[in-house]
Every structure is written in structure tokens, then in C-alpha cells.
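Undergrad: The structure follows.
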Amino acid sequence: MFRVQILCLVGLLALPGSLVAQPALHPGLTATATDGQRTAKFALPTPNFTLLLGESIHPTLKPEFRVEWNGVLKLARSGRYTLFADAKVFVDGKEIQGQPTALEAGERTLKIEFTRKPGTTARVQLQWECEHFAREPVPHTAFANRELAWAASVTEQLTVAPLSSAPVQEFHRLTRKLNCAECHELYGPAKRELEGADAPPSLTDAGNKLRASWLTQVLVSNKRIRPWMKLPPAHLGEEARPLVKLFAQQAGAELGEGTTILPPTPLQAVEGLKLLGKGDGGLACINCHDFAGHRSAGDLRGPDMTEMHARIRTDWLLRWLREPSRLQPGTAMPAFFSDMPATQADAKMAALVHALAAGKSLPLPEGLLAGPQDYRLVVRDEPIVFRTFIADSSTRSIAVGLSGGVNYVFDAEQCRVRFAWGGEFLDVAPVWTGRGGGQAKVLGKRFFTAPDGHPLRIGNPDVEPQLKFLGYRLVDKFPEFSFEVNGVRVRQRVRKGTAESSLEWEFALGETREPVWFLTPKGLATTFASGLGELADARIKLKPDTRFFEVTVSTR
Numbered sequence: 115m116f117r118v119q120i121l122c123l124v125g126l127l128a129l130p131g132s133l134v135a136q137p138a139l140h141p142g143l144t145a146t147a148t149d150g151q152r153t154a155k156f157a158l159p160t161p162n163f164t165l166l167l168g169e170s171i172h173p174t175l176k177p178e179f180r181v182e183w184n185g186v187l188k189l190a191r192s193g194r195y196t197l198f199a200d201a202k203v204f205v206d207g208k209e210i211q212g213q214p215t216a217l218e219a220g221e222r223t224l225k226i227e228f229t230r231k232p233g234t235t236a237r238v239q240l241q242w243e244c245e246h247f248a249r250e251p252v253p254h255t256a257f258a259n260r261e262l263a264w265a266a267s268v269t270e271q272l273t274v275a276p277l278s279s280a281p282v283q284e285f286h287r288l289t290r291k292l293n294c295a296e297c298h299e300l301y302g303p304a305k306r307e308l309e310g311a312d313a314p315p316s317l318t319d320a321g322n323k324l325r326a327s328w329l330t331q332v333l334v335s336n337k338r339i340r341p342w343m344k345l346p347p348a349h350l351g352e353e354a355r356p357l358v359k360l361f362a363q364q365a366g367a368e369l370g371e372g373t374t375i376l377p378p379t380p381l382q383a384v385e386g387l388k389l390l391g392k393g394d395g396g397l398a399c400i401n402c403h404d405f406a407g408h409r410s411a412g413d414l415r416g417p418d419m420t421e422m423h424a425r426i427r428t429d430w431l432l433r434w435l436r437e438p439s440r441l442q443p444g445t446a447m448p449a450f451f452s453d454m455p456a457t458q459a460d461a462k463m464a465a466l467v468h469a470l471a472a473g474k475s476l477p478l479p480e481g482l483l484a485g486p487q488d489y490r491l492v493v494r495d496e497p498i499v500f501r502t503f504i505a506d507s508s509t510r511s512i513a514v515g516l517s518g519g520v521n522y523v524f525d526a527e528q529c530r531v532r533f534a535w536g537g538e539f540l541d542v543a544p545v546w547t548g549r550g551g552g553q554a555k556v557l558g559k560r561f562f563t564a565p566d567g568h569p570l571r572i573g574n575p576d577v578e579p580q581l582k583f584l585g586y587r588l589v590d591k592f593p594e595f596s597f598e599v600n601g602v603r604v605r606q607r608v609r610k611g612t613a614e615s616s617l618e619w620e621f622a623l624g625e626t627r628e629p630v631w632f633l634t635p636k637g638l639a640t641t642f643a644s645g646l647g648e649l650a651d652a653r654i655k656l657k658p659d660t661r662f663f664e665v666t667v668s669t670r
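Per this note's numbering, the very first residue in the sequence shown carries number 115; after that it's consecutive.
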């Protein structure tokens, strides 16, 4: 018996190294980082980060550092993979960053090396693609290591005396303090078991998914996108505001709003609206999603589609449409486009994304309500911005409806307000129905029509200026139009005036050494702030160095 035991022991010692038991895998990757004076070894769920000036990868290190990540990359399928990062990436000991490489399924050794350049921002986000899926950030579930569990390592990282601001660790500190993982998935399951429609969304990929403006509304102002949930959000207001930036920083994502697009042209929007509805060729999105405050037409309820563009970054939305189960396993969202030819799928997804960019200016899709389709755009609490064809303006017109029953058209070709009216906003049936492309109909009574010529003159007031439209952005939900007048940058916002049938124009001017003139519209009452300049012959010469001024126009 003793001899048998010895033989078994000898046999065990002679086993190949690959059969010897290895330490268990932990989620995340280990990092060894140094600033030349200090070294830190720690673990995090991903190797991703976005660091601003003065920020570091670890609180005990200076902002100029070198870091090496180690662990394994778990591949569910064999394929020809390409990995991307602003860093050196090694798989199974071979540097392959940006190079298509055949990799077998299983656990592949992963190493990432990065050196922070002095005086610069730093961003690392490991992405991949292969023949099985389009380019995307590598999900946290694909990372593992055999040394440190990241959750315990983060606890240790939060106890050290900080030398530098470290946003990745601050993200984990604040989400733990606010107890976000109680209800939300965050690099792991939520502590509280909530199912179906009562389960709040995962926060794991929120940094890549959500726009900063939307996160601000949710975290600071408790904005709700799922009003049917029994558990109301409680995000603690100002204390949660730092997370708006930290979500993106710990994900290695672009800060701010991320990828965005302009609202659709009428022809772009027609195709997208058809896809949203239940008519011929539609995908019946309204069966599962709310729309403009109306409940979904089916039993399931998803977030309101008119808020989707304001909420979700465009690149994430396209990945979601292409293959929703990759981003959320088990989702009820159908993979409409996975079996389509790529060109057809891309065209339909682009049509949807462009239509959703119209936001609350979208008419109701076919099949949402019983009875005849209503194509009137109704302005409620927020302005509606609608690119359209409309009479008495160019084909590059932008109609804006303001709460309080005042509306106007800004002509992007002529860089000015063309006319304004009171009452209801627009009937867009000619734009959306039939073959589309008709002119939207004004529903109220016009009270202002601009005379010929641009009201701003830089240099000679008697010469029509050279104009160039630069686009617009939303500031406090109001459009701010940007254009050049004789090469000088101008920003203009339009608001409803305090008097009935009036508009307030706000102008911000770039630097110029030339005199600036404003031509007052004939037949209208025009009011300026006192001391702005001298008014003569229906035009006012602004005082030198004027950079901002307001004008109120109204019926006499």
C-alpha cells in the first residue's frame, strides 16, 4: 500500500505543467503603474480611462506615469480579431494593436502598455472587431486575471492618502457612497433583485451610452424615462453631479455629448417615421416603446422614442440597433437588422437614427392612435426645432416653435429670421405623407415678416454682407444659431418677447475692428437697450467693442 502511494505521488509530480491546477480567475485586469518614484499594483474591471490634466491612473501616483495591464482576454469564438487602443496591445506575447490576427477561442494572455505624455489628456479604451461583430469597446466580461479581485482592490485603493486626482477610483468611491449597485447592475448584478419592467437599466456601459446633458437631468434632477417603474429614482441631486463626467472617464469614453447628428431633412425623416410605425414596411417600434408621452401600442413598455436622441449617443444607438443582445443579453429588443444585407441594414438604421434626432418634433407614427393621423406639431413646455420646407423661405429653413404660442422660421441660407407668427405651430402632413417633401403649413397668424437684406452690417452699412451658416446648438433647450457676417462670427438666439406678438433677438459678436450696424425692420416697433448706439435713418451704429446686444421686435 505504501509503495502504491509513492508511485502515485511520483506520477503526479511528473504531470505536464498544463494539467497542474491554476489559481482561479478573478474579473478585471491587474495593473502595475509607476511615476518613476512610486509604484502601485492594483486591479480594475477594465483598462479604460479618460484623464484630464493633473489627473492620474492611481491616487498615489503623479499624472505622468507608465502602466502595464495584465490578465487574460476571454474569447467565446475563434476568429480574425483586430484590437484597437492608443496603447501597445499584446495577445499571447505578440503585439497586435490594429493588426487583424487569427485567435482561437478560450483564454488568451493579454498585456497592455501605456505611457502618459507630459501635459496632455490621456485616453485608453480597448476596442475590438472581428467577422462575428462590428467594432465595439471590449466588454468587461471579457477581462480576467489570476492575481487580484478588482472589487477588493478598489476598496484598498480608496484607503490610500491621495497625491493626485484619480477619476476612476473617485467613480467607484462615489457610486459606492450613493449605493448605485443596490438597484443597478454595475460591473456585476444588482444587490436587489428586480425583474422585468421594474428593473432599472444597467449602469455598466452608461459612460459609452448616455450623453452628459441627459445624465445631468437624471442624476441631479431625477428625470424619469421609465415612469411605469414602481421604484422611483433617488439620485441625491448635487451630490451626484460629479458622476456625469466620471461615468465617461472610467469607461475611457469621449466626454460630453458624444457622437450626435443634426435633425433630419424632411426626406430623411419620412423613411424613419415609416419604420417606427405599424404601416406597410414599418418595424412597429411603437408596439413596445412609448412615443411623445403616449403609451406603447402593445403590452411591453420601453423608453419614449422622442427622447432617445437626447438620451443616447449615436454610435451606441447604432450598435444597439445592429445587435441588441450583444449589449444586453436576454433583451426583448428584436434584432431586426442582423439577417439583412449590410447595405440595406445600414440604410434603415441610418433612417431610424436620423428620424429620432427630430425628437419631440416628430409626428405620431402610423398605428399609435386610433382614428385619422394627426400631423400637427404641438409645442408644450419645450421649444420644437424642425428642419423643413416652408413657403417664403429657402430650402434650408429651420422652424422653431416656442411655448406661449410664438413661432418663427430661421433661414440658414440667409442666416436670419424670415418671419414669425402667433398661435399653433405647424401642420407637417405635406412633409411626411405621400412621397414627402412638401411644404409645412403655418397654423397661426403671421405678425412679423423680415424685409429684404440681412439686419447686421459689418463695415459699410449700405452693402449686403457675405454670409456663411455654421450650424446651431441647443442652449437651455433654445436653438443658438451660429453664422459669419463678413467673416465675423455671430451667435443669435430668439425668444418670445414679454409683449404680445414680439420676439427678443440676442446677438453675440466675435472680435472685429470694423463698425457694426443693425438695420431696423420697417413697419415694426424695434427696442434696444439704452446706450447701445445712435439710431438714425432706421439703423443703429453700435458702440465700439460691443460684443453682446439684444433687440426686441414687435407689431406697432
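Every residue, glycine too, gets a C-beta built ideally from N, C-alpha and C.
#1: Would you decide whether H254 is buried or exposed? Buried here means 16 or more other CB atoms lie within 10 Å of its CB.
#2: Could you give the DSSP three-state label for E182: helix, strand or coil?
#3: Cutting at 6 angstroms between CB atoms, please list the residues of its own chain near R532, excluding the five before and the five after it.
#4: According to DSSP, simplified to helix, strand and coil, what is L350?
#5: For W342, which of helix, strand or coil comes out of DSSP?
#6: Among T502, W242, E353, G310, which residue has its Cα nearest to the Cα of G444?
#7: For the pair the region 420 to 440 and the region 352 to 364, tell me if three or more CB-CB distances fall below 8 angstroms.
#8: I'd like to confirm the pairing. Which residues does DSSP put opposite T196 in its beta bridges?
#9: Could you pull the start and end residues of the alpha helix (DSSP H) that G321 belongs to?
#10: Tell me whether the beta-carbon of V545 lies closer than 8 angstroms to the beta-carbon of A534.
#11: Who pairs with T563 in a beta bridge, going by DSSP?
#12: At a cut of 8 angstroms, does the region 288 to 304 reach the region 406 to 415 through at least three beta carbon pairs?
#13: How would you label D590, buried or exposed, when you count the other beta carbons within 10 angstroms and need 16 or more for buried?
#14: Give every residue of the same chain whose Cβ lies closer than 6 angstroms to the Cβ of V334, excluding the five residues on either side of it in the sequence, and list them in chain order.
#15: State whether the region 230 to 239 contacts the region 167 to 178, with contact taken as three or more CB pairs (one from each stretch) at a distance under 8 angstroms.
#16: My guess is that A145 and L166 are in contact by the Cβ rule of under 8 angstroms, so how many angstroms apart are they, rounded?
#17: Do E620 and R603 have their beta-carbon atoms positioned less than 8 angstroms apart in this structure?
#18: Once DSSP output is grouped into helix, strand and coil, what is the label at H408?
#19: Note the first and the last residue of the continuous beta strand (DSSP E) segment covering G515.
#20: Beta-carbon separation of C402 and G412 under 8 angstroms?
#21: With DSSP run on the structure shown, which of helix, strand or coil describes F285?
#22: Check each candidate in G370, Q213, Y586 and name the one with the smallest Cα separation from E243.
#23: Given this structure, state the Cα-to-Cα distance separating F662 from G647, to the nearest angstrom.
#24: Find the nearest neighbour of V60 within the set V542, Q528, L649, Q364, judged by alpha-carbon distance.
#25: Please check the pair T502 and V542, which I expect to be a contact at CB under 8 angstroms, by giving their CB distance rounded to whole angstroms.
#26: Any idea what DSSP makes of K225, helix, strand or coil?
#27: Answer yes or no: do H298 and P314 have a C-beta to C-beta separation smaller than 8 angstroms?
#28: Please decide whether G444 counts as near chain C, where near means a Cβ-Cβ distance under 8 angstroms.
#29: For N162, does the three-state DSSP call read helix, strand or coil?
#30: In whole angstroms, what separates the C-alpha of L292 from that of V520?
#31: When burial is assigned at 16 or more other CB atoms within 10 Å of the CB, is R494 buried or exposed?
#32: Does the separation of the CB atoms of A258 and K188 fall below 8 angstroms?
#33: Are the region 378 to 386 and the region 463 to 471 touching by the rule of at least three beta carbon pairs closer than 8 angstroms?
#34: If you draw a straight line from the alpha carbon of E371 to that of R433, how long is it in whole angstroms?
#35: Report the three-state DSSP secondary structure of C122 (helix, strand or coil).
#36: Whole angstroms is fine: what's the gap from G518's alpha carbon to G386's?
TA: Well, looking at it:
#1: buried
#2: strand
#3: S507, V523, D525, A564
#4: coil
#5: coil
#6: Ranking T502, W242, E353, G310 by Cα distance to G444 puts G310 first.
#7: The region 420 to 440 makes no contact with the region 352 to 364, as fewer than three CB pairs between them are under 8 angstroms.
#8: E243
#9: 320 to 323
#10: no
#11: DSSP, once it has assigned bridges, lists F533 as partnering T563.
#12: no
#13: Classification of D590: exposed, given that the 10 Å Cβ count is below 16.
#14: G351, R355
#15: yes
#16: So it is not a contact: roughly 19 angstroms between Cβ atoms.
#17: no
#18: strand
#19: Unbroken beta strand (DSSP E) run through G515: 511 to 516.
#20: yes
#21: For F285, the three-state secondary structure derived from DSSP is helix.
#22: Q213
#23: Going from the Cα of F662 to the Cα of G647 covers about 13 angstroms.
#24: Limits of the chain in this structure are 115 at one end and 670 at the other, which puts residue 60 out of reach.
#25: 7 angstroms
#26: strand
#27: yes
#28: Of the protein chains in this structure there is only one, and it is not chain C.
#29: coil
#30: 43 angstroms
#31: exposed
#32: The Cβ atoms of A258 and K188 lie closer than 8 angstroms to each other.
#33: yes
#34: 17 angstroms
#35: Here C122 scores only 39 on pLDDT, less than 50, and its place in the model should not be relied on; the value that follows carries that caveat. DSSP places C122 in helix when its eight states are reduced to three.
#36: Here the C-alpha atom of G518 lies approximately 30 angstroms from the C-alpha atom of G386.
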